[in-house]
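In what follows, a structure is listed as structure tokens, so that the remarks can point back to it.
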């Protein structure tokens with residue numbers, strides 16, 4: 001009986017998933033702010049290049065959302081595969097962990113789920129926001145005319161339902177962030193819950209594993225093996241250098257976004273100046 005209890009305890013201990021340290025709410029919000037700033041900052045840069053070199057960058061500016069989504073898909077897929085986190089999460093020394101297994105979503109359906117809510121869902125959400133703004137403007141121009149076609153009815157239903165859906169999602173996000181702040185929730189975002197992961201701080205073992213250099217080849221290694229090692233190690237070296245350059249460039253892009261937004265605000269303020277009073281006629 002005692003042996004059975006010991007075996008059962010050892011079995012349960014082997015199946016127990018170790019929970020790592022969760023990052024602070026300030027860190028998780030900072031990494032979200034990092035990616036939300038990256039896209040508009042790049043948009044300003046592409047807009048300038050399109051005005052300076054329209055032949056080369058006009059199409060990129062025209063389909064910027066799709067181009068950036070493709071770039072982000074490649075970036076996030078590589079980060080998930082090699083670091084177990086998104087680019088911004090890895091930048092702030094975090095990793096994604098599947099609660100059931102305690103492992104990062106580096107492959108299979110777990111990685112696909114993370115990619116869906118890292119790339120596809122934000123892309124669709126921005127498109128829906130733009131559609132809502134456009135339909136709202138059209139509704140204001142057309143006035144309170146009754147819908148005539150099925151498309152008009154669908155647009156009216158979308159205009160009525162979409163703000164409620166956004167408000168519900170925002171309230172859920174706020175509730176999760178508050179619960180995360182008081183350590184009552186493992187996730188701070190509905191998208192993490194949908195992706196089936198939580199965030200944990202990288203351990204020294206994780207940092208050592210990711211920073212481990214490729215073992216040098218012996219003097220008797222053949223030329224074929226040396227070329228293969230070079231080709232297989234090249235993407236990691238390129239990404240390491242690219243991530244460092246992009247990390248430093250993010251601060252410049254954030255400044256660029258702030259400067260451009262401030263300049264647009266000043267233009268609006270100048271355009272809103274009151275007209276000078278008309279001169280009085282002297283009788």
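Numbering (full-length UniProt numbering), first residue to last: 1 to 283. Glycine included, each C-beta is placed from N, C-alpha and C at the ideal position.
- Annotation: the continuous alpha helix (DSSP H) that includes residue 121 extends over 121-142.
- If you compare the alpha carbons of 208, 201 and 206 with that of residue 26, the shortest gap goes to 201.
- Nearest C-alpha to residue 46 among 107, 175, 65 and 131: 65.
- Ranked by Cα distance from residue 116, the first of 153, 74 and 145 is 74.
- Residue environment: residue 142 is assigned as exposed (fewer than 16 neighbouring CB atoms within 10 Å of its CB, all protein chains considered).
- Residue 199 is a Cβ neighbour of residue 192, given a cutoff of 9 angstroms.
- Straight-line spacing of the CA atoms in residue 99 and residue 169 works out to 23 angstroms.
- In this structure, residue 122 sits away from residue 195, with a CB-CB distance that is not shorter than 9 angstroms.
- Straight-line measurement puts the Cα of residue 38 at about 37 angstroms from the Cα of residue 153.
- Residue nearest to residue 161 within the set 172, 132, 178 and 43 is 132 (criterion: CA-CA distance).
- Per DSSP, reduced to three states, the secondary structure at residue 37 is helical.
- About 6 angstroms separates the CB atoms of residue 197 and residue 114; that is less than 8 angstroms, so the two are in contact.
- For residue 89, the secondary structure class from DSSP, reduced to helix, strand or coil, is helix.
- From the listed residues 41, 31, 190 and 35, the smallest Cα separation to residue 92 is found for 31.
- In the DSSP assignment, residue 112 falls outside any beta strand (DSSP E) and lies within the alpha helix (DSSP H) extending over 108-115.
- If you draw a 10 Å sphere on the C-beta of residue 125, you find fewer than 16 other C-beta atoms in it, and that means exposed.
- In the three-state reduction of the DSSP assignment, residue 173 falls in the helix class, which pools H, G and I.
- Contact between residue 88 and residue 35 holds: their C-beta atoms lie close to 5 angstroms from each other, under 8 angstroms.
- Here residue 200 is bridged, per DSSP, to 95.
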